[in-house]
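The structure under discussion appears below in the form of structure tokens.
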Amino acid sequence: MVQEKIAKLIQKSIKVAQKNGAFPEIIIEHPKEMFHGDYATSVALVIGRSLKKNPMEIAETIKSQILDLEPDFFEKVEVVKPGFINFFLSQQSLINSLNNILKEKEKYGSAQTNKTVVIDYSAPNIAKPFGIGHLRSTIIGQSIYNIYQFLGWKCIGDNHLGDWGTQFGKMIVAIKKWANKEKLKDLSIADLEKLYIRFHEEIESNPDLEEEARVWFKKLEDNNKEAKEIWQTCVDISLKEFNKVYDLLGIKIDYVLGESFYQGKMMSIIKEANKKKIVVKSQGALIIKYPGDKLPPAIILKSDGATNYFTRDLATVQYRLKTWKPDLIIYEVGVEQSLHFQQLFWAIELLGWAKRNKFFHMAHGLYRSKEGRLSTRKGKIIHLESVLQEAIDKAKKIINESETGKDLPDKEKEKIAQTVGIGAVKYNDLSQHYTKNIVFSWDKILNLKGNSGPYLQYTFTRCKSVLRKSKTKINFKNIKDFNLEEKDILRTIYRFPEIVQEAADKFSPNLICNFAFDLAQKYNLFYQKHSIIKAETDNLKMFRLGLTAAVAQVLENSLSLLGISVPEKM
Ligand code: ARG
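All residue numbers for the sequence shown refer to my numbering, where the first residue is 2 and numbers rise by one.
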């Protein structure tokens, strides 16, 4: 990493510049404008302030130290008032980075560590449609998984299915009353949902249903055969439909340990909480009271003795800590559950299991259509599968109209349409910060000229097509001078490893999107202005092919971290 290397150089030279005194945090920025160099730091100002010395002098000392240590790495190091230092990488450094990309290929940007992370994502609910929120969680969670894995973390993906809880008592009652038991297996999630809605309608005139449902959930918890069978059928029906969505998205999650997995693992926790005196009885229920009432209390045992979502999440944490000994647990779950996770993380700290900074809730925002909130409630069911199918169909249209695409065999077109359509939906989600609400607009998602998945895939295929036409092995000698467009690509592309690291640290795949979009734009500008195959000299041609291959590689690496495949043609 170039940034890391510069940080180390600064660190070494500071020792000389300030002799003693507190070591400041070294912040290095990559200026947007090329004429400010590749990196800039204000560290001399910070030191100047703390030592009450002239920052310009300190900057000059740092500069000369660095140039002594690494004379060839920089074209120049510049000190500007009132004490900034700007670093300009030498042409050789830029070429070295380029060669490095061509050598490391799909590993370029990766790193190593022996840490472990558990990522809790997707987690749809049985007998309910796979919602838009679950789609977000699936897409973002998978990208986070890919990013951490690329950085060497051992990743454990866990799909915490909503497959347990009192609602299953209601479901069983509704099925027993209003569904054909012989044909249970043929029901769809939509049918199950209708039955659930009917239960809530009928309860208005028949309040006894409530008690019936409670009894049936109790039976389920006690392993009653009939209850278990009906429940299992609901799970099977739902998983069949969820798996269709996962197949379309090309996603497979390592573990599917739903809430039901934690039955029988909760009572010991209740006991432990009692013993550790972090719970009190309140109106028959057992609640965790947070010191100083900094959070509202959380129920861990209901007045009827039943556990709940919160208790199951506690058991889940305990299981994960024991089984995988993770350094970090990330929950990719909607913002509406923020309080739940705050309560959970604090409870874990109170129990003494782990510090709460071991946990992070990526609280994603809502999905909105232009007409308002996209909702799956009140029977207004959005069929996710049909949304994804529509994306594929729309992508097919684009391919049918494109220069290269229209003459491809149908089967290939189909495949590319899937890659482009699904990629577009994923990119649309990932390119915005996860906390933002997303507006769903087909025009934007599939815009071939804007910040979209198809635009990046298209740029990738453009690079690939150049490389196909050249048919030569890339091999170039030193280049004396870069033109502006070449330089702009070179001083962007070496930053990829830093961007990946930052995306992981800040849980922000959108940084990778921004980076890839920026790089693609710079390449397209270069492509329009300069000849590659017909460059003036053979060596220049080779260099530009090298640049093209590196851009293709870095775009591919970026998209792969986003869970988006690249087509060879489109
Ligand atoms: N099934 C839950 C829902 O749809 C999400 C579960 C998230 N994960 C967790 N460990 N609580 O609301």
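All residues carry an ideal CB built from backbone N, CA and C; glycine is no exception. Since the structure is predicted, the reported quantities are computational estimates derived from the model, not experimental observations.
- For the pair Asn97 and Leu367, the Cα-to-Cα distance works out to about 44 Å.
- Cβ neighbours of Leu185 within its own chain (closer than 8 Å, five residues either side excluded): Ile176, Ile231, Thr234.
- Within the stretch 299–363, the complete alpha helix (DSSP H) segments at least 4 residues long are 310–325, 339–352, listed from N- to C-terminus.
- Closest in C-alpha terms to Phe497, from the list Glu404, Met35, Leu193, Leu520, comes Leu520.
- Counting only residues of its own chain and dropping the five nearest sequence neighbours on each side, Gly110 has a CB closer than 6 Å to the CB of Phe497, Pro498, Val501, Asn558.
- Residue ranges of uninterrupted beta strand (DSSP E) with 3 or more members, entirely inside the stretch 27–69 and ordered along the chain, are 40–42.
- With a 10 Å radius around the Cβ and a threshold of 16 neighbouring Cβ atoms, Arg469 comes out exposed.
- For the stretch 383–463, the continuous alpha helix (DSSP H) assignments of 4+ residues that do not extend past its boundaries occur at 385–402, 411–431, 443–446, in sequence order.
- Under the Cβ criterion (8 Å, minimum of three pairs), the stretch 512–531 does not count as touching the stretch 27–47.
- Going by DSSP, Asn87 is part of the beta strand (DSSP E) stretching over 85–90.
- Each of Asn55, Glu76, Phe24 was checked against the Cα of Pro83, and the nearest Cα belongs to Asn55.
- At least one heavy atom of the ligand ARG is found less than 7 Å from the C-beta of His161.
- Our two residues, Lys229 and Val552, have alpha carbons roughly 55 Å apart in a direct line.
- Rounded to whole angstroms, the gap between the alpha carbons of Asp430 and Leu351 is 36 Å.
- In the three-state reduction of the DSSP assignment, Asn160 falls in the coil class.
- With contacts defined by Cβ atoms closer than 8 Å, Ile446 and Gln419 do not form a contacting pair.
- Under the three-state reduction of DSSP, Ser471 is assigned to helix.
- Residue state for Val246 is assigned as helix, using DSSP reduced to three classes.
- Counting every other CB atom within 10 Å of its CB across the protein chains shown gives Leu340 a total below 16, marking it as exposed.
- Residue pairing by DSSP places Lys155 opposite Thr117 in a beta bridge.
- At the C-beta level, Tyr320 and Ile157 stay beyond 8 Å of one another.
- Within the chosen limit of 7 Å, the ligand ARG reaches the beta carbon of Tyr332 through at least one heavy atom.
- Within the stretch 472–546, the runs of alpha helix (DSSP H) at least 4 residues long that lie entirely inside it are, in chain order, 485–494, 497–506, 510–530.
- In the three-state reduction of the DSSP assignment, Val567 falls in the coil class.
- Distances from the CB of Pro125 to the heavy atoms of the ligand ARG include at least one below 7 Å.
- Look at Lys77 here: in three-state DSSP terms it is strand.
- Remark: fewer than three beta-carbon pairs, one from each stretch, lie closer than 8 Å, so the stretch 27–34 and the stretch 49–64 are not flagged as touching.
- For Ser283, the enclosing beta strand (DSSP E) stretches over residues 280–283.
- The C-alpha of Tyr149 is placed about 8 Å away from the C-alpha of Val118.
- Look at the beta carbons and you see the stretch 455–465 touching the stretch 508–525: at least three pairs across the two are nearer than 8 Å.
- Counting of Cβ neighbours within 10 angstroms places Phe24 among the exposed residues, the total staying below 16.
- Three or more beta-carbon pairs separated by less than 8 Å link the stretch 421–439 to the stretch 130–150, which places the two stretches in contact.
- Counting the other CB atoms within 10 Å of its CB gives His365 a total of 16 or more, which places it among the buried residues.
- Short note on Asp314: C-beta closer than 7 Å to some heavy atom of the ligand ARG.
- Contact annotation, Phe243 with Pro125: C-beta distance approximately 6 Å; criterion of less than 8 Å satisfied.
- Contact between the stretch 398–414 and the stretch 212–231 is not established, with fewer than three Cβ pairs separated by less than 8 Å.
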